[in-house]
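Chains as they are written, first to last, in our numbering: chain A, 1179 to 1401; chain B, -9 to 495. Don't be surprised by glycine CBs; every beta carbon is placed ideally from N, CA and C. Data first, discussion second: the structure below is written as structure tokens.
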Amino acid sequence: MKPTPLLFAGIFASFAAAWLGLIVASDTQIGNLQPQVDEENADVYPINVAGLAEQGRRVYIANGCNYCHTQLVREPHAGPDIAREWGTRRTVARDYIYESGAVIGFMRNGPDLANIGAPKAENSRRGYVNDPKWQYAHLYNPRATTPASNMPAYRYLFEKRKISGERSENALNLTEADGVEAGYEMVPNNDAKALVAYLLSLDRSHPLKEVKGAAPAPAAAAK
Amino acid sequence: MSVPSTVTRQSSGREVIPGELEQVERASIDASARVPVLTFYASAVFWLLVQTVLGVINAVKVQWPEFLDGCAWLTFGRLFPVQNSLMIYGWASLAGIGTALWILARLCRVALPKPAMLLTGTMLWNVALIAGSLEILAGNGRGLIYLEFPRYVFGLLFVAYSIVAVWGVILFFNRRPGHIYISAWYLIAALFWFPWLVGGTNLLLGSGLPGAAGVQGVMQAIVNAWFAQNVINLWLSAIGLGAIYYLVPKVVGRPIHSYHLASVGFWSFAIFSVWTGGQRLAGGPVPAWVITVGIVAAILMLIPVATVTANYFMTMKGKFNLVYHSPTIRFVFFGAVAYTLANLVLVAGSFRSLSNITQYTWFTVGSDYLFIYGFYSMVMFGAMYYIIPRLVGCEWLSASFIKLHFWGTAYGWGMTIAMLLLAGYSQGQMLANVHEVHATNAGADFMLSVSAALPFLRGRSIAQILLCVGQLFFALNFLLMLLRLGRPSGAQPTLFAPIHEGAKS
Chain A
1179 MKPTPLLFAG IFASFAAAWL GLIVASDTQI GNLQPQVDEE NADVYPINVA GLAEQGRRVY
1239 IANGCNYCHT QLVREPHAGP DIAREWGTRR TVARDYIYES GAVIGFMRNG PDLANIGAPK
1299 AENSRRGYVN DPKWQYAHLY NPRATTPASN MPAYRYLFEK RKISGERSEN ALNLTEADGV
1359 EAGYEMVPNN DAKALVAYLL SLDRSHPLKE VKGAAPAPAA AAK
Chain B
-9 MSVPSTVTRQ SSGREVIPGE LEQVERASID ASARVPVLTF YASAVFWLLV QTVLGVINAV
51 KVQWPEFLDG CAWLTFGRLF PVQNSLMIYG WASLAGIGTA LWILARLCRV ALPKPAMLLT
111 GTMLWNVALI AGSLEILAGN GRGLIYLEFP RYVFGLLFVA YSIVAVWGVI LFFNRRPGHI
171 YISAWYLIAA LFWFPWLVGG TNLLLGSGLP GAAGVQGVMQ AIVNAWFAQN VINLWLSAIG
231 LGAIYYLVPK VVGRPIHSYH LASVGFWSFA IFSVWTGGQR LAGGPVPAWV ITVGIVAAIL
291 MLIPVATVTA NYFMTMKGKF NLVYHSPTIR FVFFGAVAYT LANLVLVAGS FRSLSNITQY
351 TWFTVGSDYL FIYGFYSMVM FGAMYYIIPR LVGCEWLSAS FIKLHFWGTA YGWGMTIAML
411 LLAGYSQGQM LANVHEVHAT NAGADFMLSV SAALPFLRGR SIAQILLCVG QLFFALNFLL
471 MLLRLGRPSG AQPTLFAPIH EGAKS
């Protein structure tokens, strides 16, 4: 064979082999997963978030939250994710069938958010809570709730406005020292509301058949 | 301008016998490449400066979150992806295309046809970069690493690329008969792999949001991880290796040590590198075999890496003093060492004992930067120091500027990479254990990992500032060359120190 056709055949074949063997093969395996349906009580998981939470996912990606926060729980032998109460079981492909791949994330400069919306267990060590007010206060100024945090402040997701009638439910607890004069209030805008709705929708604790030993987290498995 | 009067200008003996005809031919090739290649380089240097400044801002933001905060367009989560994308598609790709076309023209001994078309392609590419950066800043990024631009921007890049790369292929098919040199293998392979990689992944990913045509969630992550590793391997590394195989024999003045070894290296590179990527998702919600394949491929990559390294060192044998004299050789030496290191770090970071600690930390960023900056970008600088004098017809004005550029860059990137790897490791060390002292407070426990990385992230900010200074000297020197304010051609090429007789071949 002449060198040139051999060169081109090789360049083509090496790429095609990996494309088929890696991308097509894994897509065949996990590319068409369906939600798990429990026949008895018609319990479907996962369900596609809609409305405000779906908009919130866009806000999450638009502001690059996924660069510093992951949404994945590893098996206990790969890291103490479960001991940290980031989840009660490892997450698997089926958890993300309605998700963007981007939210799985790259770095853990901030805590994992795979289950940030899950109800807080009794005697939980979790610092953050699935309470919109805590989330708003944290987004507006992370250092107000977590002193040494290096998360950016998302003040642009809030707006100051004159209180008309009653103070709004979501208004932040800020005083004049924070730049909010009497008669004014700082409230989350639509993006912030959507983002918090999305965050609080994140709950991947539902049992899945393919995850064995999905027992509740051992509380404070301190080493 | 191609008078082979000095050691750096001597033919390696690989091309035809030096002679008058060859000089005329080279001059005509360089004349045809002058405007398009310099346009690629000028664009690349511009984006290099932009992403270097963004690098400083982002490095400072991580350790001092109040810096430039509270504004949507300047938030870390948007500036960081812009920096990443401009690093790959702005600086690295444009410098790579310019270098690849020039080397191919020289190797195929064909002048670049219709430079105006190439200019159109470059302009379209730059427009796409501006559009893509503004889209990310406006909140329309996809959040997929190295694929942050919206899909239509990749459409524009694809069109621009097609206009440009088609010339590389035309060059290759019109080449003068004879042996195809190893550099051309790498460059032609890169020119073919890149559009397939970018086109294929973008077709699979859709908008990156669920609902739109595109693969399901975890598949997106797999495609993204595979893309991220292979835009480094198949595109940047292939160009970088092609350039090393061209520059080293040229400057040293002898053919590469073993052609057979080079061929083994190329084919093992082509076969193994495509399978890497899965290790970026270690522990993630993906089938275990995807991760395992990535790890095995990363280990097998040590075969091509060993051949390239051995060939490089054997070719340089006895000539290492050129590192003190020749700017090209000094940058390429740094790059060649970094390439070996980068692959070793990748393999080490794939093993479970280390990946349990370093996965999902700054370590991954450091590992990528070791490839993109430590290896590839340094080789590109080496190539530019070699190629630009041949295009503009004068020599680099100031050896001191080149020195300042080298040390600013070597310290800047070297320290940035070391700091990121260490930051990732110490962050991961803290994350890998749940600490008794914070048994009641998971948040405080987590903050240990933040404070563990902090000293290193501060070190990185300082490194980034050094880097900025180095790049400014490079840009200034480059600008002087564009204005033809260099030293007259025909003089000795600009060296760090004069070469004594003993050093000549």
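Residue i: buried (16+ other C-beta within 10 angstroms of its C-beta) or exposed?
i                 : result
Met304 (chain B)  : exposed
Phe144 (chain B)  : buried
His1384 (chain A) : buried
Ile178 (chain B)  : buried
Pro1224 (chain A) : buried
Ser75 (chain B)   : buried
Ile246 (chain B)  : buried
Pro483 (chain B)  : buried
Pro1396 (chain A) : Per-residue confidence for Pro1396 (chain A) stands at a pLDDT of 43, beneath the threshold of 50, marking its modelled position as unreliable; the derived number appears in the next sentence. Label assigned to Pro1396 (chain A): exposed.
Cys98 (chain B)   : buried
Ala278 (chain B)  : exposed
Asn1328 (chain A) : buried
Lys51 (chain B)   : buried
Ser1346 (chain A) : exposed
Asn431 (chain B)  : exposed
Consider the Cβ of residue i: report whether some Cβ of chain E lies at a distance smaller than 8 Å.
i               : result
Asp59 (chain B) : Included in the structure are the protein chains A and B, with no chain E among them.
Interface residues of chain A around residue i at Cβ under 9 Å?
i                : result
Tyr415 (chain B) : Per Cβ cutoff of 9 Å: no residues; Tyr415 (chain B) is ~13 Å from chain A at best.
Met409 (chain B) : In chain order: nothing, as chain A lies at least about 15 Å away.
Arg68 (chain B)  : Ala1240, Asn1241 and Gly1242
Arg132 (chain B) : Ile1239, Ser1278 and Ala1280
Leu292 (chain B) : Under the 9 Å cutoff, chain A gives no residues; its nearest Cβ is about 17 Å from Leu292 (chain B).
Gln206 (chain B) : Asp1205, Ile1208, Gly1209, Asn1210, Leu1211, Ala1271, Tyr1274, Ile1275, Tyr1276, Glu1277 and Gly1279
Asn346 (chain B) : Arg1252, His1255, Ala1256 and Gly1257
List the residues of chain A whose Cβ lies closer than 8 Å to the Cβ of residue i, in chain order.
i                : result
Ile210 (chain B) : Note on identity: in this sequence residue 210 (chain B) is Gln, with Ile being the wrong assignment. Ser1278, Gly1279 and Ala1280, listed in chain order.
Ile289 (chain B) : Chain A residues near Ile289 (chain B): none, gap ~16 Å exceeds 8 Å.
Trp183 (chain B) : Ile1189 and Phe1193
Ala422 (chain B) : Gly1257 and Pro1258
Met437 (chain B) : Thr1324, Ala1326 and Ser1327
Leu135 (chain B) : It is Ile, not Leu, that sits at residue 135 (chain B) in the sequence shown. Phe1284, listed in chain order.
Lys51 (chain B)  : Pro1330
Gly480 (chain B) : In chain order: nothing, as chain A lies at least about 38 Å away.
Mind pulling the chain B residues with CB within less than 8 Å of residue i?
i                 : result
Met1285 (chain A) : Tyr350, Thr351, Trp352, Thr354 and Val355
Ala1331 (chain A) : Pro55, Glu56, Asp59 and Gly60
Arg1345 (chain A) : Here the premise fails: no neighbours, minimum Cβ distance about 23 Å.
Ala1261 (chain A) : Val424
In chain A, what lies closer than 7 Å to residue i by C-beta?
i                : result
Ile261 (chain B) : Ser1192
Identify the residues that DSSP records as bridge partners of residue i: which are they?
i                 : result
Glu385 (chain B)  : B:Arg477
Tyr1223 (chain A) : A:Gln1214
Chain B partners of residue i, CB-CB under 7 Å?
i                 : result
Gln1313 (chain A) : Those within 7 Å of Gln1313 (chain A) in chain B number zero; the least Cβ separation is about 14 Å.
Gly1339 (chain A) : Correcting the residue identity first, residue 1339 (chain A) is Arg in this sequence and not Gly. Result: empty, since nearest Cβ-Cβ is about 17 Å, beyond 7 Å.
Thr1269 (chain A) : Pro275
Ala1196 (chain A) : Val264 and Trp265
Tyr1376 (chain A) : Within chain B, no residue comes near Tyr1376 (chain A); the closest Cβ sits about 12 Å away, beyond 7 Å.
What residues from chain B crowd round residue i, counting only those whose CB sits closer than 9 Å?
i                 : result
Ile1294 (chain A) : None at all; the shortest Cβ gap to chain B is about 12 Å.
Unbroken stretches of the alpha helix (DSSP H), 4 residues or longer, contained in the stretch 1180 to 1216 of chain A: 1181 to 1196 and 1203 to 1208
Three CB pairs or more closer than 8 Å across the stretch 1292 to 1300 of chain A and the stretch 225 to 243 of chain B: no
Contact between the stretch 423 to 440 of chain B and the stretch 1316 to 1327 of chain A (3+ Cβ pairs under 8 Å): yes
Continuous beta strand (DSSP E) assignments of at least 3 residues falling wholly in the stretch 221 to 246 of chain B: none
3-residue-minimum beta strand (DSSP E) runs that sit fully inside the stretch 1340 to 1379 of chain A, ordered along the chain: 1362 to 1366
Given 8 Å, three or more beta-carbon pairs between the stretch 1268 to 1277 of chain A and the stretch 1245 to 1257 of chain A: yes
Uninterrupted alpha helix (DSSP H) stretches inside the stretch 1256 to 1337 of chain A (no shorter than 4 residues): 1310 to 1318 and 1320 to 1323
Whole runs of the alpha helix (DSSP H) within the stretch 130 to 213 of chain B, excluding any shorter than 4 residues: 141 to 163 and 172 to 195
At least 3 beta-carbon pairs within less than 8 Å: the stretch 1227 to 1234 of chain A vs the stretch 1368 to 1376 of chain A: yes
Cβ pair count under 8 Å reaching 3, the stretch 419 to 435 of chain B against the stretch 379 to 393 of chain B: no
At least three beta-carbon pairs within less than 8 Å, the stretch 119 to 130 of chain B to the stretch 60 to 78 of chain B: yes
The stretch 239 to 257 of chain B touching the stretch 297 to 317 of chain B, judged by at least three CB pairs closer than 8 Å: yes
contact_flag[the stretch 190 to 198 of chain B, the stretch 316 to 335 of chain B] where n(CB pairs < 8 Å) is 3 or more: no
Entirely enclosed alpha helix (DSSP H) segments - the stretch 262 to 317 of chain B, minimum 4 residues: 278 to 290, 292 to 306 and 312 to 315
Cβ pair count under 8 Å reaching 3, the stretch 264 to 282 of chain B against the stretch 233 to 244 of chain B: no
Sequence ranges, alpha helix (DSSP H) only - wholly within the stretch 23 to 103 of chain B, length at least 4: 66 to 75 and 83 to 98
Stretch-stretch touch, CB-based, cutoff 8 Å, three pairs: the stretch 1334 to 1349 of chain A with the stretch 1192 to 1203 of chain A: no
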